[in-house]
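Undergrad: Structure below; questions to follow.
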Amino acid sequence: MTNSKKQQLPPGPQLSISDFKEKVNENPFNFLMDLIEKYGDVIYMKLQQDDVYILSNPDHIEQILTRDYKLFSKTRTTELRPFLGNGLLLNEGDSHRHHRKIIQPLFLPKSIKSYGNIMVDNITHISENWQENATIDVLQEMTMLTMGVMAESLFGINFRDRDTFSKISDAFANILETLNRLIHEPVENVLVDLESGSTTTLTNQVLYDNKKPNTFQDSIDYLNQKIYALMDHIKKTNPDKPNLISHLMQAKDPETGGVGLPEKQIRDETMIFLFAAHDTTSTALTWSLAYLATNQNIQDKLRKELDAVLGETRVPTSDDLPKLEYTEKIFKETLRIRPSVWALSRLTNEEYMVGEYVIPSNSVIFMSQYALHNSSKYYSDADKFNPDRWTKEFISKLPRFAYFPFGGGIRSCIGETFAVQEGILALATIFQRWYVMPANKEENISFEPKNLAGFTKPKFPIRVVVKRRKYKSIS
Ligand code: HEM
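Residues -5 to 469 in this note's numbering are what the sequence shown spells out, letter by letter.
Structure representation (structure tokens):
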């Protein structure tokens, strides 16, 4: 490596912060894809005081997430630690490693398999409430579904009342909005607003009621109150029943050697799981339903598989998963074209070499699932929803990090198998019972994504009409 190469900056745009914000507000996805097309796989941008490097070569991403992960830390989302706590998603270093090891047994394939019935029960409960020819708000229904699954499988509680659901849902919408501001605005502004309580909720008008938490701090207080009450309930009533909280109460504390993690750490882990475990999966299922509603041929093929595997009267179980190959391909393709988490970022702890460039310490590294998954370099007809592309041969030729909806390496999603199982069982249960169609004309379903703190939300509500299949009763 010559000195001149070492000092050379990768190509990239020179944008003022206001121009950058305008582009990001307009459409961050197109902006990113245009940058990559123009400047290539390693891009440099100066954004106020931050040196930002956008990386889009799957080999570079693999190196960072798997081989060299110790040389990086997480970026600005960790500013939320004082509020969200230090659970798995935000924790770092040895403490992260210890806690991941403690929590891992709950996510082993055997444990995940045991959640199969809970998943199907919750999905059945939600979809059986739909009326013939009703128009449903897909994101709202899928959020209820995934929250119910998470509450019952990870915390052993069954909440199916819409009131608790909508309060928790609003509390998280509020937190997400604040996260989004933290990413786009100077931290100081957001913190001032947080302290004065003026960060308001992204209230879902349909569910609005005045008792809902309406500031960020209210939301945190509300969730804290729920979590501590839940911990208390588990301690008093059934401390041995297996769930995330009882598991953490009985785990050996790696820091003290004693039994049980401190209450504050259990609260933090619970908060992170409440946060990470439902929103991502509900968004993915929402996109799946949108694509299926507008692709009746794919929907028919899905139903053919369901009829062949499940027959006319049986609900799916986790034992059916290996046979539900096409259903799995639909979920996989959804996470390709609309990955629920659309970008990851890291901070370099020291100077780091990427290809021929040296990235200085304390630089922001930005790696986008959306950009790689929608790149014509790796996917032909990348903007076409095509579950059939996922043949064994195609997978074997695809660079490992040209598809990474769940991240990779030691910080990869601990809930991946959980989410995939839930996705497949949800699609199977819903499409076994219902035909799903666009609410009006096909054009009314918009596939335009919206960025919310790194999550790929639908920009416009997705509404579909459901029609029951003429079928024997399923049990
Ligand atoms: C389709 C659904 C999901 C997607 C696309 C998704 C995606 C991700 C991604 C990309 C990361 C890595 C973040 C990073 O490297 O900075 C992550 C981390 C994480 N996810 Fe998921 N996730 C999903 C569902 C779930 C579920 C169901 C759970 C829990 C049951 C969960 C729990 C977590 C946790 C705790 C972490 C932090 C792991 C760590 O840092 O050690 N996720 N997820």
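Ideal Cβ placement from N, Cα and C applies to all residues, glycine included.
Cβ of residue 90 within 7 Å of any heavy atom in the ligand HEM?
TA: Within the sequence shown, numbered from 1, the residue matching residue 90 stands at position 96. Residue 90: yes, Cβ under 7 Å from the ligand HEM.
Undergrad: Mind checking whether residue 270 and residue 110 have CB atoms under 8 Å apart?
TA: Taking the first residue of the sequence shown as 1, we reach residue 270 at position 276. Taking the first residue of the sequence shown as 1, we reach residue 110 at position 116. With contacts defined by Cβ atoms closer than 8 Å, residue 270 and residue 110 do not form a contacting pair.
Undergrad: With a floor of 4 residues, list each alpha helix (DSSP H) that falls wholly inside the segment 17 to 87, ordered by position along the chain.
TA: 22 to 33, 52 to 56, 75 to 78
Undergrad: Rounded to whole angstroms, what's the CA-CA distance from residue 353 to residue 407? Just pull it up for me.
TA: Mapped onto the sequence shown, residue 353 falls at position 359. Mapped onto the sequence shown, residue 407 falls at position 413. Their Cα atoms are separated by approximately 26 Å.
Undergrad: Could you pull out every residue in the same chain whose Cβ sits closer than 6 Å to the Cβ of residue 254, ignoring the five residues on either side in sequence?
TA: Here residue 254 corresponds to residue number 260 of the sequence shown, with the count starting at 1. Answer for residue 254: 243, listed in chain order.
Undergrad: Looking at the secondary structure, which residues open and close the alpha helix (DSSP H) in which residue 291 lies?
TA: As a position in the sequence shown, residue 291 is number 297, starting the count at 1. Run containing residue 291: 290 to 304, per the alpha helix (DSSP H) assignment.
Undergrad: Express the C-alpha separation of residue 412 and residue 145 in angstroms, rounding to a whole number.
TA: Your numbering for residue 145 matches position 151 in the sequence shown. Your numbering for residue 412 matches position 418 in the sequence shown. About 13 Å.
Undergrad: Any idea if residue 282 is buried or exposed, counting beta-carbon neighbours within 10 angstroms, 16 or more meaning buried?
TA: Mapped onto the sequence shown, residue 282 falls at position 288. With 16 or more other Cβ atoms within 10 Å, it is buried.
Undergrad: Residue 446: which of 460, 337, 463, 100 sits nearest, CA to CA?
TA: Here the question's residue 446 lines up with position 452 in the sequence shown. Among 460, 337, 463, 100, the Cα nearest to that of residue 446 belongs to 337.
Undergrad: When burial is assigned at 16 or more other CB atoms within 10 Å of the CB, is residue 233 buried or exposed?
TA: Taking the first residue of the sequence shown as 1, we reach residue 233 at position 239. Under this definition residue 233 is an exposed residue.
Undergrad: Less than 8 Å between the C-beta atoms of residue 7 and residue 26, yes or no?
TA: Within the sequence shown, residue 7 is the residue found at index 13, counting from 1. Within the sequence shown, residue 26 is the residue found at index 32, counting from 1. In this structure, residue 26 does not lie closer than 8 Å to residue 7 by Cβ.
Undergrad: State the CB to CB distance for the pair residue 278 and residue 321, rounded to an integer number of angstroms; the pair is presumed to be in contact (CB under 8 Å).
TA: Here residue 278 refers to the residue found at position 284 of the sequence shown. Here residue 321 refers to the residue found at position 327 of the sequence shown. Not quite, the Cβ-Cβ distance comes to about 13 Å (not below 8 Å), so this is no contact.
Undergrad: Note the first and the last residue of the continuous alpha helix (DSSP H) segment covering residue 414.
TA: To locate residue 414, count along the sequence shown from 1; it is residue 420. Note, residue 414: alpha helix (DSSP H), 410 to 427.
Undergrad: Near residue 450, what residues of its chain come up, given a Cβ to Cβ distance below 7 Å and the 5 sequence neighbours on each side ignored?
TA: Reading the sequence shown from its first residue, position 456 is the one you call residue 450. Result list for residue 450: 277, 332, 333, 334, 336, 364, 443, in chain order.
Undergrad: Measure the CB-CB distance between residue 366 and residue 50 and report whether it falls below 8 Å.
TA: Residue 366 sits at position 372 when you count from the first residue of the sequence shown. Residue 50 sits at position 56 when you count from the first residue of the sequence shown. Cβ atoms of residue 366 and residue 50: closer than 8 Å.
Undergrad: Figure out for me which residue from 349, 11, 247, 257 has the closest Cα to the Cα of residue 228.
TA: Taking the sequence shown and counting its residues from 1, the one referred to as residue 228 is at position 234. Across the set 349, 11, 247, 257, the C-alpha of 257 shows the shortest separation from the C-alpha of residue 228.
Undergrad: Determine the burial state of residue 220: buried for a count of at least 16 other Cβ atoms within 10 Å of its Cβ, exposed for fewer.
TA: Within the sequence shown, the letter at position 226 stands for residue 220. Per the 10 Å Cβ criterion, buried.
Undergrad: Identify the continuous alpha helix (DSSP H) that holds residue 330 and give its terminal residues.
TA: Along the sequence shown, read from residue 1 onward, the residue named residue 330 stands at position 336. Segment 319 to 331, the alpha helix (DSSP H) holding residue 330.
Undergrad: Give the range of the beta strand (DSSP E) segment to which residue 130 is assigned.
TA: Along the sequence shown, one-based indexing puts residue 130 at 136. Its beta strand (DSSP E) spans residues 129 to 131.
Undergrad: Since residue 131 and residue 457 are thought to touch, with beta carbons under 8 Å apart, how far apart are those beta carbons, to the nearest angstrom?
TA: Sequence index remark: in the sequence shown, residue 131 carries index 137 (1-based). Sequence index remark: in the sequence shown, residue 457 carries index 463 (1-based). Yes, they are in contact, since the Cβ atoms of residue 131 and residue 457 sit about 6 Å apart, within 8 Å.
Undergrad: Per DSSP, residue 446 forms a beta bridge with which residues?
TA: Here residue 446 refers to the residue found at position 452 of the sequence shown. Under DSSP, residue 446 forms a beta bridge with 449.
Undergrad: What does the Cβ neighbour count give for residue 19, buried or exposed, with the cut at 16 atoms within 10 Å?
TA: Sequence index remark: in the sequence shown, residue 19 carries index 25 (1-based). It is exposed - the Cβ of residue 19 has fewer than 16 other Cβ atoms within 10 Å.
Undergrad: Thinking residue 60 and residue 358 are a contact (beta carbons under 8 Å), I'd like their distance in whole angstroms, please.
TA: For this step, residue 60 is matched to residue 66 along the sequence shown. For this step, residue 358 is matched to residue 364 along the sequence shown. Their Cβ separation, rounded to whole angstroms, is 20 Å, which puts residue 60 and residue 358 out of contact at 8 Å.
Undergrad: State the DSSP-derived secondary structure class of residue 309, mapped to helix, strand or coil.
TA: What you label residue 309 is simply residue 315 of the sequence shown in a count that begins at 1. The answer is coil: DSSP assigns residue 309 none of H, G, I, E or B.
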